[in-house]
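Using this note's numbering, read the sequence shown as starting at 3 and increasing by one per residue. Beta carbons are placed, not taken as given, at the ideal position from N, Cα and C, and that holds for glycine. Remember, it's a predicted structure, so these values are computed and weren't measured experimentally.
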Amino acid sequence: MSRVCELTGKKAMVGNNVSHAMNRTKRKFDANLIKKRFYIPEEDKWVTLKVSTSALKTINKIGISAAIKEAKSKGFLK
3 MSRVCELTGK KAMVGNNVSH AMNRTKRKFD ANLIKKRFYI PEEDKWVTLK VSTSALKTIN
63 KIGISAAIKE AKSKGFLK
C-alpha cells in the first residue's frame, strides 16, 4: 500500500544524504503518516484513514467533516 495521506495527498519526496565530505547519495523522505479512526456524527459511523500528522492538526482545528469535504473537493478522497 502506498504511503500517501488520504486527506492532503502528501507523499514521499526524494533527496540526498550528504556526508561530511559532501558526497551525495539518493534517499527518500517518507511522509509522517498514522492510521487513525474517526467518528463522523453526520453519518453515524467510524472511518479509518491514513493521515499525515499535519492533516491531524487540521482535523483538530476545523473538524473531520470539513476536512473530508475539503479533501473530496481537491480530489484526494473519493
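Looking at the DSSP output, residue 78 sits in no beta bridge, so it has no partner there. For the pair residue 53 and residue 18, the Cα-to-Cα distance works out to about 25 Å. C-alpha of residue 10 to C-alpha of residue 57: approximately 7 Å in a straight line. Residue 12 sits in coil when the DSSP states are folded into three classes, being neither helix nor strand. Between the alpha carbons of residue 37 and residue 21 lies a distance of about 34 Å.
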